[in-house]
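Taking our numbering, I'd label the letters of the sequence shown as residues 261 to 866. Every residue, glycine too, gets a C-beta built ideally from N, C-alpha and C. Have a look at the structure below, then the notes.
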Amino acid sequence: MDALSSSFLATSTRLVGSPAYTPPPRPLLSISAVKTDEIVRAPKPQPKSKTNNAAGTAPSKTRFDEKRPVPPPRPQRRVAGAEVASLPAAFCNALDELINTFIDPPGLRPSVDPRHVLLDNFSPVGELTPTPCPVVRGTIPSCLVGGAYIRNGPNPQYLPRGPHHLFDGDGMLHAILLNSTTGQQAATLCSRFVGTYKYLLERDVGAPVLPSVFSAFHGAAGMARGAVVAARVLTGQMNPAEGVGVANTSLVFFGGRFYALGESDLPYAVRLDPTTGDIATTGRCDFNGRLFMAMTAHPKKDPSTGEVFAFRYGPMPPFLTYFRFDSAGNRSGPEVPIFSVREPSFMHDFAITERYAVFGDIQIVMKPIDMVVGGGAPVGSSHGKVPRIGVLPRYATDESEMRWFEVPGFNMMHSLNAWEEDDDHLVLVAPNVLSIEHALDKLELVHSCVEMVRINLLTGTVSRTPLSAGNLDFGVIHPGYLGRRNRYAYLGVGNPMPKISGVVKLDFSKAGKGDCVVARRDFGPNCFGGEPFFVPESDGDERDEDEGYVVSYVHDEVSGESRFVVMDARSPDLEIVAEVLLPQRVPYGFHGLFVTEAELRSQRPL
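Structure follows, in structure tokens:
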């Protein structure tokens, strides 16, 4: 059985054309506790034999790493279960092979076959140490110099054994530090994995261990994979209490710290060196024992108070829990369980105003019973459900003042902004996913149209105004207007989703007068980017809302080059004012943010 497992691991984790990679020896750190501020250095590990790892197999040399500079030794954290006897692990590996070869081979479902999902610029890259980058067009605006753009995204370190969903890759941060306005070393690019428990466990094992959450738990095969995971837990190969998330969705900066986020786990604190541009994971953070289980990947930071508002959702009651942090980054106030959410829903994002938190109860629901009875997926769409918008006072201590408003056909995956027009009227602007049945499966069939929803809090009346018919998502606004009435938004153009072929600018003041698109930038043939991010030219109130720049990574699928692009937000065609040629391809990803030099320098020490 050991030979069978070793053979499987050696063949199943190889990507054609990917060279072998052997990570350098690195000192380990203990993370038996989940306190971010309690990182304890462990004794130097003794050399292990070629088969002394949790998988019971020879370490695989088929990581998704390209020929790039080898990262220098840097602190990493030791994962529980790395020294477990090999026989139980070999048995679990053999069961995995049986399931993926004979019961549920990924080739039967092309939409989750890793050979299909991880093609072109969706394929992963290896870590990149800080590397200089030249400006090849224009000049970087002076207001951006000293700051950094960081984007998160999925980047599996090994080719998955079974079905794989794009949402399940290990989190990798791609950070570009802007050193000067022009020149051959005007910027520095660094790409690093987020050091989650899952990433470190599988790195030490030398192979994938956890199956895909979004695609592997279907029907009998899903139950079988669940049993294998349970066996790994019971035999000490892994400890889910250390976290099972991938932290691949977004980032947030508050309280002097960066956090890499994925909604199935706690935040992971990371640090970006303001001098070198290197990235290091500090640890999984439970905020001194006051944050439990998980947190949304889309918390909201109030630009006036510095407070951060967030929530978590899950398959067990209460299906939604709301909480907040103070401006210093500490958990504050009580958690607010929302029992009026009647079934577990996929609540990816929400919005805030100056007085309220606004939630979308959409038609994507968790249905674990369908996996057992009907052979379906544990997460799917429910066409019989009527979507609702929930409005809760921002500083509520319980859900007694929670109000729900039915909005048939309105499925909000991401929000743009929300504000109060007066004491009785609330406005929410968000893309509405029209093809909700494809939102987690066939992403290329997803079409989202931006709508403005007005709620009369006095009468309960809800009205909707479409702002554009285009396939628009991954949108942002000027961060200083979050929760306040604003005019402009910048969104990615799906062609098809999740590929972004360009950026548009919407003018909310044109609502009800036709299409609200007032500016557009297409990236060109075979060129695709990601979520745009708006960077204001200054923090002063005297500036116009759209006075600033829109930034994004863009990839040319013909030349294979990736670039960092800066666009003038006020230009009618979002004119490109600067381009930085990157030394390594940046795969398509999810959400990011820009931080100023002052914010970088304000990071709290590790």
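Looking at residue 620: is its Cβ nearer than 8 Å to the Cβ of residue 653?
Against the sequence shown, residue 620 aligns to sequence position 360. Against the sequence shown, residue 653 aligns to sequence position 393. No, the pair does not count as a contact, with Cβ atoms beyond the cut-off.
Give the list of continuous beta strand (DSSP E) stretches no shorter than 3 residues that lie fully inside the stretch 682–763.
Annotation: the stretch 682–763 contains the following complete segments of the beta strand (DSSP E) (minimum length 3 residues), in chain order: 685–693, 708–716, 722–726, 732–736, 748–754.
Work out the CA separation of residue 864 and residue 798 for me, nearest whole Å.
By one-based count along the sequence shown, residue 798 stands at place 538. By one-based count along the sequence shown, residue 864 stands at place 604. Those two C-alpha atoms are separated by around 24 Å.
Looking only at its own chain, which residues have a Cβ that is under 7 Å from the Cβ of residue 563, when we skip the five neighbours before and after it?
For the purposes of this step, residue 563 is taken as residue 303 along the sequence shown, with counting starting at 1. Same-chain partners within the cutoff: 739, 740, 742.
Which residues in the same chain as residue 500 place their Cβ atom closer than 7 Å to its Cβ, once the five residues preceding and following it in sequence are excluded?
Start at 1 with the first residue of the sequence shown, and residue 500 comes out as number 240. Around residue 500, the same chain offers 493 as residues with beta carbons nearer than 7 Å, after the five sequence neighbours per side are excluded.
Taking the CB atoms as reference points, tell me whether residue 412 and residue 510 lie closer together than 8 Å.
Taking the first residue of the sequence shown as 1, we reach residue 412 at position 152. Taking the first residue of the sequence shown as 1, we reach residue 510 at position 250. Contact: yes.
Assign residue 614 to one of three DSSP states: helix, strand, or coil.
Taking the first residue of the sequence shown as position 1, residue 614 is located at position 354. The answer is coil: DSSP assigns residue 614 none of H, G, I, E or B.
Assign residue 423 to one of two classes, buried (16 or more other C-beta atoms within 10 Å of its C-beta) or exposed (fewer than that).
Looking up residue 423 in the sequence shown gives position 163. With 16 or more other Cβ atoms within 10 Å, it is buried.
Only counting the same chain, and skipping five residues up and downstream in sequence, which positions put a Cβ closer than 7 Å to that of residue 830?
Counted from its first residue, the sequence shown places residue 830 at position 570. Around residue 830: 806, 807.
Residue 584 and residue 592: beta carbons closer than 8 Å?
Within the sequence shown, the letter at position 324 stands for residue 584. Within the sequence shown, the letter at position 332 stands for residue 592. Against a cut-off of 8 Å, the Cβ pair of residue 592 and residue 584 comes out as a contact.
Taking 8 Å as the cut-off, decide whether the C-beta atoms of residue 558 and residue 525 are in contact.
Looking up residue 558 in the sequence shown gives position 298. Looking up residue 525 in the sequence shown gives position 265. Cβ distance not < 8 Å, so residue 558 and residue 525 don't count as in contact.
Any 3 or more C-beta pairs closer than 8 Å across the stretch 749–763 and the stretch 715–723
With a cut-off of 8 Å, the stretch 715–723 and the stretch 749–763 do not count as touching, because too few Cβ pairs lie within range.
On a CA-only basis, which of 464, 389, 417 is nearest residue 437? Give me that one, please.
As a working note, residue 437 is residue 177 in the sequence shown. Nearest of 464, 389, 417 to residue 437, Cα basis: 389.
Within its chain, find whatever has a CB closer than 8 Å to the CB of residue 686; leave out the 5 residues flanking it on each side and keep chain order.
Counted from its first residue, the sequence shown places residue 686 at position 426. Cβ within range, chain order: 613, 616, 618, 651, 678, 679, 680, 714, 715, 717.
Is the number of C-beta pairs between the stretch 455–470 and the stretch 478–488 that are closer than 8 Å three or more?
no
Which of helix, strand or coil does DSSP assign to residue 434?
Within the sequence shown, numbered from 1, the residue matching residue 434 stands at position 174. Correct three-state label for residue 434: strand.
Sub-8 Å separation of residue 811 and residue 824 beta-carbons:
Within the sequence shown, residue 811 is the residue found at index 551, counting from 1. Within the sequence shown, residue 824 is the residue found at index 564, counting from 1. Cβ distance < 8 Å, so residue 811 and residue 824 count as in contact.
Would you give the residue range spanned by the beta strand (DSSP E) that residue 376 belongs to?
Within the sequence shown, numbered from 1, the residue matching residue 376 stands at position 116. In the DSSP assignment, residue 376 falls outside any beta strand (DSSP E) and within the unbroken alpha helix (DSSP H) covering 374–377.
Cα separation between residue 696 and residue 536?
As a working mapping, residue 696 is identified with position 436 in the sequence shown. As a working mapping, residue 536 is identified with position 276 in the sequence shown. If I take the Cα positions, the gap works out to 43 Å.
I'd like the ranges of any beta strand (DSSP E) spanning at least 3 consecutive residues and lying wholly in the stretch 621–665.
624–626, 639–641, 648–653
Looking at residue 363: is its Cβ nearer than 8 Å to the Cβ of residue 491?
For the purposes of this step, residue 363 is taken as the residue at position 103 of the sequence shown. For the purposes of this step, residue 491 is taken as the residue at position 231 of the sequence shown. Going by C-beta atoms, residue 363 is not nearer than 8 Å to residue 491.
Any beta strand (DSSP E) of 3 or more consecutive residues that is wholly inside the stretch 404–486
Entirely contained in the stretch 404–486, the beta strand (DSSP E) runs reaching 3 residues are, in chain order, 408–414, 431–438, 447–453.
Roughly how many angstroms lie between the CA atoms of residue 700 and residue 543, to the nearest whole one?
Counted from its first residue, the sequence shown places residue 700 at position 440. Counted from its first residue, the sequence shown places residue 543 at position 283. Cα to Cα, residue 700 sits roughly 29 Å from residue 543.
For residue 363, does the three-state DSSP call read helix, strand or coil?
In the sequence shown, the residue the question calls residue 363 occupies position 103. DSSP places residue 363 in helix when its eight states are reduced to three.
Taking Cβ positions, are residue 239 and residue 763 nearer each other than 8 Å?
Absent from the model: residue 239. The displayed extent of the chain is 261 to 866, so no value can be given.
By Cβ distance below 7 Å, which residues in the same chain neighbour residue 368 in space, the five residues on each side in sequence not counted?
Here residue 368 refers to the residue found at position 108 when the sequence shown is read from its first residue. Once the five neighbours on either side are set aside, residue 368 has no close Cβ partner at all.
Would you mind working out which of 565, 527, 567 sits nearest residue 548, comparing C-alpha positions?
Residue mapping note: residue 548 aligns to position 288 of the sequence shown, counting from 1. Nearest of 565, 527, 567 to residue 548, Cα basis: 527.
Does DSSP classify residue 351 as helix, strand or coil?
Start at 1 with the first residue of the sequence shown, and residue 351 comes out as number 91. In this structure, residue 351 counts as helix in the three-state DSSP scheme.
Residue 857 - containing alpha helix (DSSP H), residue span:
Residue 857 sits at position 597 when you count from the first residue of the sequence shown. 857–861 is the extent of the alpha helix (DSSP H) around residue 857.
What residue from 626, 795, 848, 834 has the CA that sits closest to residue 814's CA?
Translated into positions along the sequence shown, residue 814 becomes position 554. Per the Cα distances, 848.
Using a Cβ-Cβ cutoff of less than 6 Å, which residues in the same chain neighbour residue 703 once the five nearest sequence positions on both sides are dropped?
Reading the sequence shown from its first residue, position 443 is the one you call residue 703. Its chain contains 757, 758 as the residues whose beta carbon lies nearer than 6 Å to that of residue 703, once the 5 sequence neighbours on both sides are disregarded; these appear in chain order.
Indicate the three-state DSSP secondary structure (helix, strand or coil) for residue 369 in the structure shown.
In the sequence shown, the residue the question calls residue 369 occupies position 109. Coil, per DSSP.
Residue 414 versus residue 643: straight-line alpha-carbon distance, rounded
Position 154 of the sequence shown, counting from 1, holds the residue named residue 414. Position 383 of the sequence shown, counting from 1, holds the residue named residue 643. Here the alpha carbons of residue 643 and residue 414 stand approximately 29 Å from one another.
Between 590, 538, 565, 577, which has its C-alpha nearest residue 546's C-alpha?
Numbered from its first residue, the sequence shown carries residue 546 at position 286. Nearest option by C-alpha distance: 590.
Does the Cβ-Cβ distance between residue 429 and residue 416 come in under 8 Å?
Along the sequence shown, read from residue 1 onward, the residue named residue 429 stands at position 169. Along the sequence shown, read from residue 1 onward, the residue named residue 416 stands at position 156. Yes, they are a contact pair.
Express the C-alpha separation of residue 587 and residue 325 in angstroms, rounding to a whole number.
As a working mapping, residue 325 is identified with position 65 in the sequence shown. As a working mapping, residue 587 is identified with position 327 in the sequence shown. Because the pLDDT at residue 325 is just 43, under 50, the model does not fix this residue reliably, and the value given afterwards should be weighed accordingly. So the two alpha carbons sit approximately 39 Å from each other.
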